[in-house]
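Residue numbers (full-length UniProt numbering): 1 to 409.
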C-alpha cells in the first residue's frame, strides 16, 4: 500500500520512522489482546534498539570513501604467502560498512511516501542488515578469518542480487507520487553506481582466491571486446527468439583483434541491455517480414585513450521528440516488452546462470542504468537516431592501463 492519504507525503522521514513503519505494519496484524500488545511493544523496542543503531550508521556515513583506481587493483601484486588477500580483506572490512552507510543515508533522504513503499523499504532494510553484519565482523588477522569473511561477503552478494529489480518495481509503484524527477534520478544514479562499485570490489576480493593466469581478481589482463560481445550476442538472440520466434544476425567489425586490460563485469551489465534493445527494435519494425531481417552491426574502435563499441540497428529509429527521454528511469519505447514479468523471469534465469549476477532489466531501467554505469566508469553512453531508419548507440569507456586518467571504483 502506498499510503495515498498520508498528510506528510513530501516530508523526509528519519530512519527510525522508516523502521517503525515496517515493524508497525506487522504489529497491526497481530492479536488485540493486552498481553499480546505488551509483548509486541517489547519486541518492537528491542528490534529498534538492536537493529537500528542510528549513531553507528551516522558515524560511518560521515567518513569519506577510499576509492581505488583499477591500476591499483591490477598492480597491487600477488604474494606467495597470501598477504595480498589479507590486505584486500582488511580494506573491505573498513570500506564496505562506510559505503553501505552512505547509501542508508541516501534512503533516509527520500520523501516519506516513497521511503514507506514496501518494496523500497525492503531494499533499505537489506542495506541496514548488511551494515550490521559487516560492522560486527571482527578484525581480520589471518587466512582463517579471511575465509569466514569471504563466505559472508559472498552471502551478501547473493542476498542483494535482486536489488535493481526491487528498486525498479518500488519506484514504478511510487511513480505518481514523484514530484521531483531530478531527486529520483540522482538517488538512483548514486545508488546503482555505488552498488556496482561495491560488487566490483567484493567480487575482486573473492576472485583473488582463484588461480587464473588471465585475471588479477576481476581484471582481465587481455580482454577481447569481440569475445565478450559474442557471448552477449548469443544471450540476446536466445532471448529474442523466445519472445519473437526469430532474431536478427549480428556482425562484428572494426578492431576485432584488440586486446587490453579491462574489467568484464560492467560490460556484462551493459552489453546485453544494448543488444537486447537493438534486436527488439529490429523485430518490432519488421513484423511483416520476420524472416528477412537486417543485421545488427557492432563496431569496435580502439585507441590509446579509450575504446568505443557502436551498436547499429535498422529498427526504425527513435522519434526525435522523445530521444532525450529514453535514458530517463522508467521511460520505455516498448512498455509491454519491458514490463512483461515473463520476460523478466526469463532474463533472470538466463543471466543468473552465468558468472555474474543479472544485468539491469525491465521497467525502463536498462538504458538509464547503462548510462549511469558508463559515466561511473569514466565514459559515456550516447544515442543517435535516424527516425525511419535506425539507431546507433555509442558506448565509450576509458582504458585502465595507467597511461591516462582513469575512474575510481
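From the three backbone atoms N, C-alpha and C, an ideal C-beta is built for every residue, glycine too.
| task | Can you grab the Cα-Cα spacing for the pair residue 117 / residue 170, in whole Å? | result | 7 Å
| task | Determine the burial state of residue 179: buried for a count of at least 16 other Cβ atoms within 10 Å of its Cβ, exposed for fewer. | result | Residue 179 is exposed by the Cβ-count criterion.
| field | Neighbour-count burial assignment, residue 155, 16 or more Cβ in a 10 Å radius | value | exposed
| task | Quick one: which unbroken alpha helix (DSSP H) runs of 4-plus residues sit fully inside the stretch 172–241? Chain order, please. | result | 181–207
| said: Below 8 Å, how does it come out for the stretch 397–407 and the stretch 248–262: are there three or more Cβ pairs, yes or no? | reply: yes
| If you draw a straight line from the C-alpha of residue 124 to the C-alpha of residue 185, how long is it? | 17 Å
| said: Is it buried or exposed, residue 59, if we count other Cβ atoms within 10 angstroms and call 16 or more buried? | reply: exposed
| task | Determine the direct distance from the alpha carbon of residue 252 to that of residue 196, and round the result to whole angstroms. | result | Those two C-alpha atoms are separated by around 27 Å.
| Does the beta-carbon distance from residue 140 to residue 63 come in below 7 Å? | Not closer than 7 Å, so no.
| message | According to DSSP, is residue 107 part of a helix, a strand, or is it coil? | response | helix
| Local conformation of residue 391 per DSSP, three classes | strand
| Apart from the five residues just before and just after residue 176, which ones in its own chain have a Cβ nearer than 6 Å to its Cβ? | A distance below 6 Å between beta-carbons, with the five flanking residues on each side excluded, links residue 176 to no residue of its chain.
| request: Could you tell me the distance, in whole angstroms, from the CA atom of residue 150 to the CA atom of residue 98? | output: 18 Å
| message | Within 8 Å, do at least three Cβ pairs link the stretch 272–282 to the stretch 226–245? | response | yes
| task | Would you mind working out which of 142, 404 and 85 sits nearest residue 303, comparing C-alpha positions? | result | 404
| Buried or exposed (CB count within 10 angstroms, at least 16 for buried), residue 319 | exposed
| query | By Cβ distance below 7 Å, which residues in the same chain neighbour residue 131 in space, the five residues on each side in sequence not counted? | reply | Correct list, in chain order: 57, 97, 100, 101 and 104.
| Nearest chain C C-beta to residue 279 closer than 7 Å, yes or no? | No chain C appears in this structure, which consists of one protein chain only.
| message | Counting C-beta neighbours from all protein chains within 10 Å, is the total for residue 213 16 or more, i.e. buried, or is it exposed? | response | Counting Cβ neighbours within 10 Å, residue 213 comes out exposed, since fewer than 16 surround it.
| What does a CB cutoff of less than 8 Å around residue 222 pick up in its chain, not counting 5 residues either side in sequence? | 214, 259, 260 and 261
| task | Could you spell out the range, first to last residue, of the beta strand (DSSP E) harbouring residue 381? | result | 380–386
| request: Please state if the CB of residue 88 and the CB of residue 206 are separated by a distance shorter than 7 Å. | output: Going by C-beta atoms, residue 206 is not nearer than 7 Å to residue 88.
| field | Inter-residue Cα distance where the pair is residue 86 and residue 144 | value | 10 Å
| field | Residue from 61, 81, 162 and 174 with nearest C-alpha to residue 112 | value | 174
| query | Which ranges does the beta strand (DSSP E) cover as unbroken runs of at least 3 residues, wholly within the stretch 256–334, from first to last along the chain? | reply | 260–262, 296–302 and 306–313
| message | For residue 395, count the other beta carbons within 10 Å of its own beta carbon; 16 or more makes it buried, fewer makes it exposed. Which is it? | response | Buried.
| query | To which residues of the same chain is residue 345 closer than 8 Å at the C-beta, ignoring the five residues directly before and after it? | reply | In this predicted model, residue 345 has a pLDDT of only 38, less than 50, meaning its place in the structure is not dependable; the value taken from the coordinates is given anyway. Hits under 8 Å: none found.
| field | Close-in-space but distant-in-sequence residues of the same chain around residue 138 (CB under 8 Å, 5 per side omitted) | value | 145
| Among the residues of its own chain, which have a CB less than 8 Å from the CB of residue 291, if the five just before and after it don't count? | 246
| said: Going by DSSP, what residue range makes up the beta strand (DSSP E) through residue 250? | reply: 250–254
| task | Taking all protein chains shown into account, decide if residue 313 is buried (16 or more other Cβ within 10 angstroms of its Cβ) or exposed. | result | buried
| task | For residue 153, I'd like the list of residues in its chain whose CB is within less than 6 Å of its CB, leaving aside the five on either flank, ordered along the chain. | result | 202
| message | Helix, strand or coil, according to DSSP, for residue 99 in the structure here? | response | Three-state result, residue 99: helix.
| Can residue 232 and residue 294 be called in contact, C-beta distance under 7 Å? | no
| task | Give the DSSP-derived three-state secondary structure of residue 65 in the structure shown. | result | coil
| task | Output the boundary residues of the alpha helix (DSSP H) element that contains residue 128. | result | 118–135
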